[in-house]
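Structure first, commentary second.
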Amino acid sequence: MIGWRDATETALYGPGGFFRQPVGPAGHFRTSVHASPLFAAALTELVRQVDEALGRPAELVVTDVGAGRGELLLALGAHARAHHPGLADRLVLRAVERAGRPPGLPAWIGWRTRIEPAANGVLIANEWLDNVPVDIAEVDEDGVVRLVLVDPATGAEALGAPVAGADVGWLERWWPLDPAEPGLRAELGGPRDAAWAEAVGSLGRGLALAVDYAHRAGDRPPFGSLAAYREGREVHPVPDGRSDLTSHVALDACLAASAGERVVHSLWTTQREALRLLGVSGARPPLEQAGRDPSGYVRALAAAGEAAELTEPGGLGSFAWGLQSVRMALPAGWQTLAP
Ligand SMILES: C[S@@+](CC[C@H](N)C(=O)[O-])C[C@H]1O[C@@H](n2cnc3c(N)ncnc32)[C@H](O)[C@@H]1O
53 MIGWRDATET ALYGPGGFFR QPVGPAGHFR TSVHASPLFA AALTELVRQV DEALGRPAEL
113 VVTDVGAGRG ELLLALGAHA RAHHPGLADR LVLRAVERAG RPPGLPAWIG WRTRIEPAAN
173 GVLIANEWLD NVPVDIAEVD EDGVVRLVLV DPATGAEALG APVAGADVGW LERWWPLDPA
233 EPGLRAELGG PRDAAWAEAV GSLGRGLALA VDYAHRAGDR PPFGSLAAYR EGREVHPVPD
293 GRSDLTSHVA LDACLAASAG ERVVHSLWTT QREALRLLGV SGARPPLEQA GRDPSGYVRA
353 LAAAGEAAEL TEPGGLGSFA WGLQSVRMAL PAGWQTLAP
């Protein structure tokens with residue numbers, strides 16, 4: 053038996069691992085990127101705002117970390133060309149992905165396995181951090197916090213050695229477990245903090261955005277949030293490479309890990325609030341439009357349905373948006389949202 057971090061690493065990213073399959077993440081679950089092109093359009097608007105804030109540099113890099121099959125950058129590039137040609141000409145679109153470059157992806161999208169340093173622009177990580185493998189800790193019958201071990205073939209679990217080293221401090225600071233409550237669990241978020249700090253650290257100037265399922269101190273799930281998905285359905289978590297393995301992100305810890313002199317503003321809001329600010333509204337078109345412009349009405353109605361899905365409370369609208377601006381202020385409007 054091995055720890056969940058090693059088991060997840062092999063199951064998701066090892067040879068034949070879940071994210072190396074040709075079908076890609078979209079074959080198994082729907083992110084906001086797949087739900088509607090309105091998501092990419094909204095992120096294009098965010099890129100435009102950052103471009104303004106940076107004084108329209110000659111080159112603006114948009115990095116998509118955990119890019120799947122490049123769907124977001126494809127849509128973002130197309131939207132920018134159609135609506136902001138002056139900006140589109142200056143965009144450098146760069147996917148960062150552990151899976152290989154998909155065949156047929158246009159040459160105007162770069163493909164890297166690592167984040168490149170010193171980029172000025174926007175870094176986006178949509179549903180990336182929840183797939184950064186982490187270990188799991190559990191309180192045993194004697195009140196000792198131990199690592200959870202798992203059999204990669206069956207998903208059967210056992211408790212291993214007491215949690216040690218940097219993980220002890222991480223738990224105390226971010227996810228204290230009451231020793232009087234055997235069975236309480238926590239995901240040890242140190243690797244995610246490090247991953248996010250590296251991502252934010254890669255920006256010379258610009259904005260980093262993490263969008264994910266998240267929780268904050270005082271509101272952690274008492275038994276952790278490990279879950280597995282295959283072909284759109286939740287399944288029992290077995291780290292055998294046949295399903296996505298994910299757990300919600302301790303985003304407050306990630307944001308704190310990257311905070312420092314370079315980070316001017318940190319903000320945590322919901323996708324619902326953020327998309328509203330970027331002009332995505334689920335409001336239905338006025339009925340009288342149906343008579344005067346039937347096809348426009350039908351298009352507006354469809355867009356309103358998609359916007360409603362992206363902003364739905366309890367659904368995609370509840371996703372956390374963690375924003376950190378590096379050597380620049382947040383664009384106008386964002387500072388009005390709760391910190
Ligand atoms: C849930 S998918 C999200 C895909 C896409 N961002 C979307 O929203 O549709 C997570 C992706 O992150 C990739 N990934 C995970 N860790 C990574 C890393 N350290 N560097 C680059 N990509 C990574 C996985 O291979 C997978 O394609």
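For the sequence shown, the positions run 53 to 391 when the working numbering is used. Note that the Cβ used here is the ideal one computed from N, Cα and C, for glycine as well. Being a predicted model, the structure only gives us computed values, none of them experimental.
Per DSSP, cross-strand counterpart(s) of Thr178: Here the sequence assigns Asn to residue 178, which means Thr is not the residue at that position. Val263, per the DSSP bridge assignment.
Go ahead and label Gln376 buried or exposed: buried means 16 or more other beta carbons lie within 10 angstroms of its beta carbon, across all protein chains shown. buried
Which residues share a DSSP beta bridge with Asp116? According to DSSP, which records beta bridges pairwise, Asp116 is partnered with Ala147, Ile176.
So the alpha helix (DSSP H) Asp245 belongs to, where does it begin and stop? 242-253
Confirm the yes/no value for this check: CB of Trp180, any heavy atom of ligand 1, distance under 7 Å. yes
Which residues bound the beta strand (DSSP E) around Gly374? 372-378
On the premise that Gly334 lies in contact with Ala311, defined as a C-beta separation below 8 Å, what is that separation, rounded to the nearest angstrom? Not quite, the Cβ-Cβ distance comes to about 33 Å (not below 8 Å), so this is no contact.
For Glu149, which residues of its own chain have a beta-carbon under 6 Å away from its beta-carbon, when the five flanking residues on both sides are left out? Ala119
Taking 8 Å as the cut-off, decide whether the C-beta atoms of Met53 and Asp219 are in contact. no
N- and C-terminal bounds of the alpha helix (DSSP H) containing Gly343: 340-344
With a CB to CB cut of under 6 Å and the five nearest residues on each side skipped, what residues in its chain are close to Gly221? none
Apart from the five residues just before and just after Ala210, which ones in its own chain have a Cβ nearer than 6 Å to its Cβ? Met53, Leu201
Simplified DSSP assignment, three categories, for Val316: In the structure shown, Val316 falls within a strand segment according to DSSP collapsed to helix, strand and coil.
Measuring only from the beta carbon, is His86 closer than 7 Å to any heavy atom that is part of ligand 1? Yes, the Cβ of His86 comes within 7 Å of a heavy atom of ligand 1.
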